[in-house]
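Enquirer: Quick one: the structure is below, and I'll ask about it shortly.
So, in structure tokens, the structure goes:
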């Protein structure tokens, strides 16, 4: 089976970063007709024995869920990427392995992201949540809202998870998994298994299972997760696609000074394919998070629009009274949603949210080569640069007054952006 080359997720940790921060970034590369929304869910308490409806199935709910900010394909429950109030960030990539991709509807990898963000306070805690759910419930179901999905629409998942202290890479093959702790420097994942012999945690019986399938022989060397489970394996340097290679290079070039601006530049790189457009897939949403040390609040920047090169990153900071409005939220079709009907996805609905519709006007102007489009884009990028500087200063001296000032900053920036397009 040939796996598509698309998404990229990155993290940079000290000593590579400026001011000792952890910087997370991801482009969500999805079908170009799919809408991505950005939504906020506050912390909540839940009754004992209650259930939570995920994309395809219902599972047991926990007593308390943390506040989360999510960027997600608007047809599903989970998320492609997101953050929680404790500074945990997660992005996922579909991967294809020797184990048959599960078609039975269980939890999507995107459901696992949301569940982990809602239920964990650290990156390692998120790893524990995901792996427990893999063992208890499992993963499966179409990754696309397609009435007749191909084999490539049923993949396994790799996760890049970080908090203000460390990062973890968690890669799965059905209910098998391996995890690698990253404590410094830079790391990225794409649509392929990347964990080799440095394994800091693994599913019970992982090596024995690989050996029983003939995928690993202890007499031939140390256990290599990627080599054992990848459906097509090459040595790490040989198998790097252009986006992976240039992503690693870009991360490494910013030693000691990697910042939100550095990550945004990487995500906007079209030549490498990290910023994807054409061929049926587009970078439909982007996220950059800067997790500050010493208890200072993190700042999470989301586009909520396609193509980061033509989009504005807007800041969000978790506060007790955070609000983002509804301009980046897609319409709710309730029981009439094609996902909720049987059989699923038999018709298309208009899921565009107000910002998505407004941004389409800019895309059209730029595609036509009209000067107004480029002028509007440059004005937006100047505003983004000023906002980045303002947020840095605000976080350095964050207090109750600052918290009140930023509780609706994302909504405010979205409103300004929409006005740019009028």
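In my numbering, the protein residues as written are 8 to 429.
C-beta atoms are modelled at their ideal positions from N, C-alpha and C, and glycine is treated no differently.
1) Please go through the segment 357-383 and give each complete alpha helix (DSSP H) segment of 4 or more residues, from N-terminal end onward.
2) Can you grab the Cα-Cα spacing for the pair residue 172 / residue 19, in whole Å?
3) Which value, in whole angstroms, describes the spacing of the CA atoms of residue 23 and residue 352?
4) How big is the Cα-Cα spacing for residue 82 and residue 228?
5) Would you identify the three-state DSSP class for residue 60, choosing helix, strand or coil?
6) Which residues in the same chain have their Cβ closer than 7 Å to the Cβ of residue 108, if we skip the five residues on either side of it in sequence?
7) Out of 14, 404, 67 and 46, which one is the CA nearest neighbour of residue 38?
8) Measure the alpha-carbon distance for residue 311 versus residue 291 and round it to whole angstroms.
9) Closest to residue 166 by C-alpha separation, out of 45, 190, 138 and 151, would be which residue?
10) Per DSSP, residue 180 forms a beta bridge with which residues?
11) Taking the alpha carbon of residue 324 as the point to measure from, which residue in 372, 401, 426 and 284 has its own alpha carbon closest?
12) Can you name the residues that DSSP bridges to residue 323?
13) Return helix, strand or coil for residue 93, following the three-state DSSP convention.
14) When the Cα atoms are used, what is the spatial distance from residue 339 to residue 350?
15) Give me, in chain order, the residues of the same chain whose beta-carbon lies closer than 7 Å to that of residue 196; leave out the 5 immediate sequence neighbours on both sides.
16) Helix, strand or coil, according to DSSP, for residue 161 in the structure here?
17) Looking only at its own chain, which residues have a Cβ that is under 6 Å from the Cβ of residue 210, when we skip the five neighbours before and after it?
18) Our contact map puts residue 124 next to residue 144 with C-beta atoms below 8 Å; I'd like the distance itself, whole angstroms only.
19) Rounding to the nearest angstrom, what Cα-Cα distance links residue 362 and residue 178 in this structure?
20) Could you please give the first and the last residue of the uninterrupted beta strand (DSSP E) stretch that includes residue 32?
21) Is the beta carbon of residue 95 closer than 8 Å to that of residue 127?
22) To the nearest angstrom, how far is it from the Cα of residue 36 to the Cα of residue 289?
23) Give the DSSP bridge partners of residue 196, in chain order.
24) Whose C-alpha, out of 354, 78, 384 and 356, is nearest the C-alpha of residue 367?
25) Are the CB atoms of residue 345 and residue 152 within a distance shorter than 8 Å?
26) Using 8 Å for Cβ pairs, my map puts residue 217 next to residue 235. What's the rounded Cβ distance?
27) Which whole-angstrom value describes the C-beta separation of residue 274 and residue 297, a residue pair presumed to lie in contact below a C-beta threshold of 8 Å?
28) Quick check: the Cα distance between residue 270 and residue 282, rounded to an integer number of angstroms?
29) Can you give me the C-alpha to C-alpha distance between residue 280 and residue 322, rounded to a whole angstrom?
30) Just to confirm before moving on: does the CB-CB distance between residue 316 and residue 42 stay below 8 Å?
31) In the DSSP output, what is residue 285 paired with across the bridge?
32) Just to confirm my understanding: we take residue 142, look at its own chain, exclude 5 residues before and 5 after, and list those with CB closer than 7 Å. What are they?
33) Give me the DSSP bridge partner(s) of residue 80.
34) Just to confirm the assignment, what range does the alpha helix (DSSP H) spanning residue 137 have?
35) Restricting to Cα atoms, I'd like to know which of 63, 28, 26 and 84 is closest to residue 336.
36) With 16 other CB atoms within 10 Å as the buried threshold, where does residue 199 fall?
Expert: Concretely, from the data shown:
1) Within the segment 357-383, the complete alpha helix (DSSP H) runs of at least 4 residues are 361-374.
2) Taking the straight line from one Cα to the other gives about 11 Å.
3) Each residue's alpha carbon lies about 45 Å from the other.
4) The alpha-carbon atoms of residue 82 and residue 228 are separated by roughly 45 Å.
5) In this structure, residue 60 counts as strand in the three-state DSSP scheme.
6) In its chain, beyond the 5 residues on either side, 158, 161, 162 and 163 have a beta carbon closer than 7 Å to the beta carbon of residue 108.
7) Nearest C-alpha to residue 38: 14.
8) Straight through space, the alpha carbons of residue 291 and residue 311 are spaced by roughly 8 Å.
9) Of the listed residues, the one whose Cα sits closest to residue 166 is 138.
10) DSSP links residue 180 through a beta bridge to 183.
11) Cα-wise, what sits closest to residue 324 is 401.
12) For residue 323, which the question treats as bridged, DSSP gives the partners 307.
13) Here residue 93 sits in coil by DSSP.
14) Residue 339 and residue 350 have their C-alpha atoms some 19 Å from each other.
15) Closer than 7 Å at the Cβ level, and outside the excluded window around residue 196, lie 16, 100, 165, 167 and 176.
16) Coil.
17) Hits under 6 Å: 183 and 184.
18) Contact doesn't hold; Cβ gap of about 17 Å is too wide.
19) Roughly 34 Å between the two C-alpha positions.
20) Boundaries of the beta strand (DSSP E) harbouring residue 32: 29-38, taken from the DSSP string.
21) A contact, by the Cβ cut-off of 8 Å.
22) One C-alpha to the other measures close to 5 Å.
23) 16, per the DSSP bridge assignment.
24) Measuring C-alpha to C-alpha distances from residue 367 to each of 354, 78, 384 and 356 identifies 384 as the nearest.
25) With respect to the 8 Å criterion, residue 152 and residue 345 are classified as neighbours on the basis of their beta carbons.
26) About 4 Å; that satisfies the 8 Å criterion.
27) Beta-carbon to beta-carbon, residue 274 and residue 297 are separated by about 14 Å, too far to satisfy the 8 Å threshold.
28) The alpha-carbon atoms of residue 270 and residue 282 are separated by roughly 12 Å.
29) So the two alpha carbons sit approximately 25 Å from each other.
30) In this structure, residue 42 does not lie closer than 8 Å to residue 316 by Cβ.
31) None, per the DSSP bridge assignment.
32) Close CB contacts of residue 142 within its chain, under the 7 Å cut and outside five residues either way in sequence, are with 182 (chain order).
33) Beta-bridge partners assigned by DSSP to residue 80: 43.
34) Unbroken alpha helix (DSSP H) run through residue 137: 130-143.
35) Selected option, being the one with the closest Cα: 84.
36) Buried: at least 16 other Cβ atoms inside 10 Å.
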